[in-house]
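Here's the structure we're looking at; comments come further down.
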Amino acid sequence: MKYSPRYRLLPTTEQREAMDWTRNTVRQTYNHALREFNQIPEDAGTLRQRVWSVRDTLPTMKNWWPDLKQVYSTVLQKAIERIRDNIESLGKLKAKGYNVGSLNWKKPREFRSFTYRQSGFELDKKSGPNNRGLLVLKKLKGETREIPIRLHRNLPDHETIKEVTLKKEPTGAWYVSFCIKTDEPEKPAPEDI
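The following block contains the structure:
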């Protein structure tokens, strides 16, 4: 079973600027990847294969786009894989009878989150100021940064955290969601209910 508790981040001004810079760089990467994806003919493979072919160009993109070297690689990979997720979502809507178009270029206000998958993050539940935790993120604008987090409820051990998604709300506040994998709870017997 997966669930995603959400917590408020309490970044400094410098950390906030670094997160905004990373979010914008990831958005630009998504837009570039979408353009590349749209140039691949549909008969060149399945949706997943076509998205992966774009994702596999990331190392060469870093040669001519040096800003990408300051962003953690799985963050960029996840951004490109969003194309597949978005196309699959559009397909489901179309199957239900909705009129859907195609994926469009993302403006800065439309792209509000980025995700660390499997690595590049650490959660220290006790070291933050005022008994708050610290979320340690690698390669956030090229540096490892420790961002205070308000842990208003308990989290299981960090080994069970699969993904960390940082999101900027329209109000300017930053939040983090942890995708946590846990075992299914056992169903109680009917007589115990």
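Just so you know, we're using our numbering here: the sequence shown kicks off at 230 and counts up by one.
Backbone N, C-alpha and C define an ideal beta-carbon position, used for all residues, glycine too.
Considering only C-alpha positions, which residue in the set the options is nearest to residue i?
i: Asp314; options: Asp249, Tyr301 and Arg279; result: Arg279
i: Trp334; options: Thr394, Pro377, Lys368 and Arg264; result: Arg264
i: Thr286; options: Glu271, Phe266 and Asp296; result: Phe266
i: Ile409; options: Glu398, Arg338, Arg256 and Ile390; result: Ile390
i: Thr400; options: Gln268, Thr411 and Arg237; result: Arg237
i: Glu246; options: Arg284, Arg374, Gln306 and Lys354; result: Arg374
i: Arg338; options: Asn292, Arg256 and Phe407; result: Arg256
i: Phe340; options: Trp281, Leu363, Met248 and Ser282; result: Met248
i: Lys336; options: Thr258, Asp421, Leu395 and Lys367; result: Thr258
i: Thr344; options: Val365, Glu392, Asp412 and Arg284; result: Glu392
i: Trp250; options: Leu395, Asp421 and Asp412; result: Leu395
i: Ser282; options: Ile312, Asn292 and Asp353; result: Ile312
If you follow the beta strand (DSSP E) that residue i is part of, which residue opens it and which one closes it?
i: Tyr404; result: Trp403 to Lys410
i: Leu352; result: Phe350 to Asp353
i: Gly330; result: First-last for Gly330: undefined, no H or E at that position.
i: Lys367; result: Gly362 to Leu369
i: Ile376; result: Glu372 to Arg379
i: Leu238; result: Arg235 to Leu238
Check the DSSP bridge columns for residue i and list the partner residues they point to.
i: Tyr345; result: Val393
i: Lys231; result: Lys410
How would you call residue i, buried or exposed, if buried means at least 16 neighbouring beta carbons within 10 angstroms?
i: Gly349; result: buried
i: Pro270; result: exposed
i: Arg235; result: exposed
i: Lys325; result: exposed
i: Glu372; result: exposed
i: Glu243; result: exposed
i: Thr289; result: exposed
i: Glu310; result: buried
i: Ala308; result: buried
i: Lys397; result: buried
i: Trp403; result: buried
i: Thr254; result: buried
i: Arg252; result: buried
Can you find a C-beta in chain C that's less than 8 Å from the C-beta of residue i?
i: Phe343; result: Within the model displayed, chain C is absent; a lone protein chain is all it includes.
Can you tell me where the alpha helix (DSSP H) holding residue i begins and where it ends?
i: Leu319; result: Ser302 to Ala324
i: Thr254; result: Thr242 to Asn267
i: Asn359; result: That residue, Asn359, is in no alpha helix (DSSP H); it is neither H nor E in DSSP.
i: Leu287; result: Leu287 to Trp293
i: Leu276; result: Leu276 to Arg284
I'd like to know if the segment 325 to 332 and the segment 358 to 373 are in contact, where contact means that at least 3 CB-CB pairs between them fall below 8 Å. no
Determine, using beta-carbon pairs with one atom in the segment 271 to 289 and one in the segment 405 to 422, whether at least three such pairs fall under 8 Å. Segments in contact, no.
Does the contact criterion of 3 or more C-beta pairs under 8 Å hold for the segment 317 to 325 versus the segment 284 to 299? no
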